[in-house]
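Here the protein sequences line up with chains P and E, keeping their order.
Just so you know, we're using the numbering used here here: the first sequence kicks off at 1 and counts up by one.
Just so you know, we're using the numbering used here here: the second sequence kicks off at 1001 and counts up by one.
Don't be surprised by glycine CBs; every beta carbon is placed ideally from N, CA and C.
Note that this is a predicted model, so its numbers are computed, not measured.
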Amino acid sequence: MKLGKIVASDSHLQYRCRIYAPGETESPPAPSDYALGTFVSLVTGSDTAMVGVICDTVLQNPEFGVYGPRLSTGDETVVFSPDYVDEACTLVTIVALGHMEGGKYSHDASPIAPPVNCEVSSLPVEEVRAFHLGPAGLRLAYVPLLLGLTRTSPAYSQALLRLLAGLKELFPDGEAHTRLCLLSQSLSWRLRVESLA
Amino acid sequence: MPRAEHCVGLAKGPGDKPHQFTFISPDHADELPVGEYIYYSLGRGSDILQVVCRIEARVEARNYPDALLAHPEVSPIDMAALLGYSEPDNELFVITAGVLGHYDRSVGDFVNPRRLPRVGHPIYRAPAELLQAVLNRKKMDEPGGAHIGSLLSRPPDEVPIVLDAARFTSTHMAIIAGTGSGKSYLAAVIVEELLRPTNRASVLIIDPHGEYDSLAELSNLDQFQAPASDDMIEYRAAAKVLSPDKVKVAYRSLELDDLRYLLGRDLTAKQSYALGMAYRAAMRATRDKWTLTDLKNELANWAHRAANAPDEAGGGAADVDSNAQQTAAALSWRLDNVLGRSESRIFDDHLDLALSDLFAPGQCTVLQLSQVAEREQQVVVATILRRLYKARLATEQRLAAPGQPNYLPYPAFVILEEAHNFAPASADLVTSDQLKRILSEGRKFGVGVCLISQRPGRLDPDVLSQCMTQVLLRITNEVDQARVAQSVESVGRSLMDELPGLSKGQAIVAGMAVNTPVLVRVRSRFTRHQAQDPDAPARWRAHFDARQERRRQRDEALPGRRPPPTTEELEAQIFGPEEDE
């Protein structure tokens, strides 16, 4: 599903995506489609794509706090000034976790940065599974990156825990599940309990 | 039922000491206390070595913050759940293990491979079968084994601890324990094991407190009997309890030092000299079979000779003649007072405890010295040890023949209670030398001792350090702990730290009778245990028991208990009451 497009970036690894508003696309995404911890992909070339995860959400509303006189109400603006751009939108922060090249996923940073207006799509479940399965089984090489970013915003730690909970459902048994449980338990302890120490 | 081996943790890295490493374990089953045994594997294919290690310390690696432990009635698990952490098992431990090594049967001991497990290497809880095989030198019910209990860190009887009786009966044993920690109980268990049909030992117990009476029961118990077989006659263990009135030492068994010791420290140089002269003369005159009368006669002879030839009296001074008479008289009086009229009547002209009565295979002899003065106890023990050692020496060197009193053709094991009274650190007693000689040379001639003491701080450190098997029960006194740590090198620091925390019936066994120091739960005795402290409050309450009071009144009403009648009462009984005029 198409979620939105890249409008800005904070670094090579952190991008801001504006979620499509109603009317911008045939089937605009519902809030559950761009929930915290959702895996996304950004096409960066003919056979390359960047894989990321939604780690933060910001609501942009320029009209909030503007109490001056208006020519028309918000509903009437669409009728009387159709070329007036609605600047209220939802922005999500995407952290680049890895990339795909020639059909193979890697957990290293994508060397090619997505351009402005690059479309962001949710990563299908099977692709999420494929992204996490390396030659030696389950891999989550991006966890240290996300863990480092938890210092910058508490939303990152929540995104990380949600991501792990989702992966545990995706890998419901076997060694992969055991490892995910161990990692999830350890991070949960650190982020929830140990923070009180 | 023994548990199958399972991985309990992963190696973390080297520890503080070269033989230590640490591993991480959640220890969900709470099965890795200090003292527990684990192992890791080295090698591949058919050359896999199981390296056994003992847990020496454990600390929390993951702990709840103090804030979650602030209320005694609120569980930190619930508090963590409140914060969104709902995993049930949270604890994680860093466990320090000391490598004992892999057991090399050709060497008969642990061999340290000097290769610690690599990081992440799996660590297994040692299965019971492995521990049985590597901790003990002997198997259960194997000849020469002494099953004293089971490994403390495992359920009762899962890993029996079997001592090597041949080792501890030849290289000596020390049982060190505080009061009330079960040392006489453990000693009785060891005696029981020595008298099982698999050992049939010759044991003498020196019992100053009368705690071992109940061992007499063992001759009636099935565990101490065995039917005849093709090459063995029927066996039934014998137990002989010698009460204090039956303890006799003939004067001929006393040596000059024993006499001097019995007569006391304030013996003057001249008295000591005179005693030596008389003693040697009595020995010559009676061919070593002197009596007290002989000794006193020789003392009088010495005084007489001294009066006629002062130089012979050792003085040469002008007044020696008159002093010699006084010396002899004083000595004679003291000999009578100490030896001839002692209340216990231990010393006798002719009666003596025959070695063949005290020592016999399959026999336990309990020598009760509970009403004997301490000095006399020491001399009794010194004479017995001396005679035992000399008899074994003479027999082994073929200087004694069957039928002779010093013929003892089998090894013997002596258990000495209150050993600090016989080999104290602060004094040199008549028993000290005997014990030191047996501890250093007894092994060659089959004489072993087991020293039992509740005050190791007062025990001669040389004596303690020569006991090659050590059994330590709870010791709380710090001086005693320090002495034990100083003298017992084979027990590691981590096990020594366990000493104050041991419960009754729990012991540390170390030394030659086991392959490595172990924490043991002492098994139950077959015979009854007697050394219970008297229940004084119960006795006081009983004094007010109505039936006892009636019995007391009845006893006091008996004629024999009445005071003798006065003259007036007697006249009244004979002539009737006096009539008033």
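Contact set for residue i: own chain, Cβ-Cβ below 6 Å, skip 5 residues either direction
i	result
residue 1323(E)	none
residue 1474(E)	1178, 1181 and 1502
residue 1069(E)	1076
residue 1143(E)	1198
residue 17(P)	4, 6, 92, 94 and 120
residue 1471(E)	1175, 1507 and 1509
residue 1411(E)	1446
Partner residues on chain P for residue i, Cβ-Cβ distance less than 8 Å
i	result
residue 1065(E)	193, 194, 196 and 197
residue 1421(E)	Within 8 Å Cβ-Cβ: nothing; residue 1421(E) doesn't reach chain P, min ~56 Å.
Burial state of residue i (16 or more Cβ within 10 Å)
i	result
residue 1267(E)	buried
residue 1368(E)	buried
residue 1551(E)	exposed
residue 1548(E)	exposed
residue 95(P)	buried
residue 1403(E)	exposed
residue 1147(E)	buried
residue 1220(E)	exposed
residue 1112(E)	exposed
residue 1232(E)	exposed
residue 1453(E)	buried
residue 1007(E)	exposed
residue 1043(E)	exposed
residue 1455(E)	buried
residue 67(P)	exposed
Proximal residues of chain E, C-beta to C-beta of residue i below 8 Å
i	result
residue 188(P)	1084, 1085 and 1087
Contact list for residue i against chain P, beta-carbon separation under 9 Å
i	result
residue 1069(E)	Per Cβ cutoff of 9 Å: no residues; residue 1069(E) is ~11 Å from chain P at best.
residue 1090(E)	185, 189 and 193
7 Å CB neighbourhood of residue i in its chain, flanking five on each side removed
i	result
residue 59(P)	90
residue 158(P)	36
residue 1340(E)	1292
residue 1253(E)	1352, 1383 and 1387
Per-residue contacts from residue i into chain P (C-beta, under 7 Å)
i	result
residue 1011(E)	Neighbours of residue 1011(E) on chain P: none; closest Cβ ~17 Å, over 7 Å.
residue 1029(E)	Under the 7 Å cutoff, chain P gives no residues; its nearest Cβ is about 18 Å from residue 1029(E).
residue 1080(E)	193
residue 1062(E)	189
Cβ-based neighbour list, residue i, same chain, cut-off 8 Å, excluding 5 preceding and 5 following
i	result
residue 1301(E)	1278 and 1281
residue 45(P)	112
residue 56(P)	36, 92, 93, 153, 155, 156 and 159
residue 1481(E)	1475, 1496, 1499 and 1500
residue 12(P)	96, 109 and 113
residue 1092(E)	1024, 1025, 1026, 1060, 1061 and 1062
residue 951(E)	For residue 951(E) there is no data in the structure shown, the boundaries of chain E being 1001 and 1581.
residue 1528(E)	1214 and 1217
residue 1014(E)	1020, 1021, 1022 and 1116
residue 1202(E)	1359, 1360, 1361, 1362, 1363, 1410, 1411, 1412 and 1413
Chain E residues whose Cβ lies nearer than 7 Å to that of residue i
i	result
residue 185(P)	1087
Cβ pair count under 8 Å reaching 3, the stretch 1538-1551 of chain E against the stretch 1506-1516 of chain E: no
Can you list the alpha helix (DSSP H) stretches of 4 or more residues lying completely in the stretch 1500-1549 of chain E, in chain order? 1536-1543
Segments of 3+ residues assigned as beta strand (DSSP E) that fall wholly inside the stretch 1394-1473 of chain E: 1412-1416, 1447-1453 and 1469-1472
Going residue by residue through the stretch 1006-1063 of chain E, where are the continuous beta strand (DSSP E) segments of at least 3 residues, counting only ones entirely within it? 1007-1014, 1020-1025, 1037-1042 and 1049-1062
The stretch 1428-1445 of chain E touching the stretch 1196-1211 of chain E, judged by at least three CB pairs closer than 8 Å: no
Can you list, in chain order, the stretches of the beta strand (DSSP E) that have 3 or more residues and sit fully within the stretch 1161-1198 of chain E? 1173-1176
Can you confirm whether the stretch 184-196 of chain P touches the stretch 1080-1093 of chain E when touching is taken to mean that 3 or more C-beta pairs between the two stretches lie within less than 8 Å? yes
Go through the stretch 78-147 of chain P residue by residue and report every complete run of the alpha helix (DSSP H) that reaches 4 residues or more, in order. Fully enclosed alpha helix (DSSP H) runs of 4 or longer: 125-132.
The stretch 1324-1340 of chain E contacting the stretch 1154-1164 of chain E, beta-carbon criterion three pairs below 8 Å: Fewer than three Cβ pairs drawn from the stretch 1324-1340 of chain E and the stretch 1154-1164 of chain E lie within less than 8 Å of each other, which leaves the two stretches out of contact.
Should the stretch 1239-1250 of chain E be regarded as contacting the stretch 1361-1376 of chain E, the criterion being three or more beta carbon pairs within less than 8 Å? yes
Kindly confirm or deny that the stretch 1373-1384 of chain E and the stretch 1166-1175 of chain E touch, where touching means at least three C-beta pairs closer than 8 Å. no
Measuring CB atoms only, is the stretch 1201-1210 of chain E touching the stretch 1370-1378 of chain E, in the sense that at least three cross pairs come out at less than 8 Å? yes
Evaluate contact between the stretch 1112-1126 of chain E and the stretch 1038-1057 of chain E, counting only Cβ atoms and requiring at least three cross-stretch pairs below 8 Å. The answer is yes - the stretch 1038-1057 of chain E touches the stretch 1112-1126 of chain E, with three or more Cβ pairs under 8 Å.
Within 8 Å, do at least three Cβ pairs link the stretch 1132-1140 of chain E to the stretch 1420-1440 of chain E? no
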